[in-house]
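Peer 1: Residue numbers (UniProt numbering): 1 to 184.
Glycine included, every Cβ here is placed at the ideal spot set by N, Cα and C.
Nothing here was measured: the structure is a model prediction, and the numbers come from that model.
Take this structure, written in structure tokens, and hold onto it; I'll ask about it next.
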């Protein structure tokens with residue numbers, strides 16, 4: 001089962017991805033984790049990403065797609081995966097669609113966690129991760145960037161009739177129950 005877990009910062013994607021991984025025995029793939037591993041292992045793409053990030057730039061869409069495609073070629077993803085943090089742009093979504101076509105594969109579900117903005121801000125500020133950008137103003141800016149750049153990805157997958165919108169309010173287990181029901 002190939003799943004994209006989608007939603008704004010603070011929606012609970014990482015938490016739910018872990019539960020999905022445990023429930024369905026398929027690996028969770030986070031682009032942040034891929035970046036960190038590629039950089040740590042000094043792969044050619046990792047070296048490229050590190051130099052981009054060190055210069056303060058955003059990683060170009062094609063580089064992100066190349067990293068994900070490279071990771072998905074690993075045998076451990078043969079029986080499915082949960083993508084979290086990818087695709088972030090429509091360009092990435094289109095490239096991912098092409099990757100799936102080329103590999104005679106398909107996306108089984110696009111799970112979008114819906115959470116009101118005031119709740120997202122509260123969650124992010126209470127996570128205690130100590131990010132320097134975790135102020136109300138900075139969180140709202142991150143959410144605005146999400147709305148402008150990432151939200152259109154959901155429209156892309158709505159056209160393919162893949163989107164399942166899930167109410168992201170409630171206990172972790174209540175939300176997980178809604179996700180499992182949507183995957184049936």
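Do you know how far the Cα of residue 154 is from the Cα of residue 147?
Peer 2: Reading the chain shown from its first residue, position 147 is the one you call residue 147. Reading the chain shown from its first residue, position 154 is the one you call residue 154. Roughly 11 Å separates the two Cα atoms.
Peer 1: Cutting at 7 Å between CB atoms, please list the residues of its own chain near residue 176, excluding the five before and the five after it.
Peer 2: As a first step, residue 176 must be located in the chain shown, where it is residue number 176. Correct list, in chain order: 16 and 19.
Peer 1: Let me make sure I understand the geometry here. Which of 161, 182 and 151 has the alpha-carbon closest to that of residue 85?
Peer 2: For the purposes of this step, residue 85 is identified with residue 85 of the chain shown, where counting begins at 1. When each option's Cα is compared against that of residue 85, the closest is 151.
Peer 1: Along the chain, which unbroken stretches of the beta strand (DSSP E) at least 3 residues long are found entirely within the region 77-134?
Peer 2: Those beta strand (DSSP E) runs which fall completely within the region 77-134 and span 3+ residues are 81-84 and 109-114.
Peer 1: Evaluate the contact criterion for the region 153-172 versus the region 80-96: three or more CB pairs, one atom per stretch, below 8 Å.
Peer 2: The region 153-172 vs the region 80-96: in contact.
Peer 1: Shortest alpha-carbon distance to residue 94 belongs to which of 137, 66, 80 and 75?
Peer 2: Mapped onto the chain shown, residue 94 falls at position 94. It is 66 whose Cα lies nearest to the Cα of residue 94.
Peer 1: Can the beta-carbon of residue 12 be found less than 7 Å from the beta-carbon of residue 124?
Peer 2: Position 12 of the chain shown holds residue 12. Position 124 of the chain shown holds residue 124. Against a cut-off of 7 Å, the Cβ pair of residue 124 and residue 12 comes out as no contact.
Peer 1: How many Å lie between residue 137 and residue 103 at the Cα?
Peer 2: For the purposes of this step, residue 137 is taken as the residue at position 137 of the chain shown. For the purposes of this step, residue 103 is taken as the residue at position 103 of the chain shown. So the alpha carbons of these two residues sit roughly 43 Å apart.
Peer 1: Fully enclosed by the region 4-75, which alpha helix (DSSP H) runs are 4 residues long or longer?
Peer 2: Correct list: 13-24, 31-40, 44-54 and 61-72.
Peer 1: Examine chain C for any beta-carbon lying closer than 7 Å to the beta-carbon of residue 41, and answer yes or no.
Peer 2: No chain C appears in this structure, which consists of one protein chain only.
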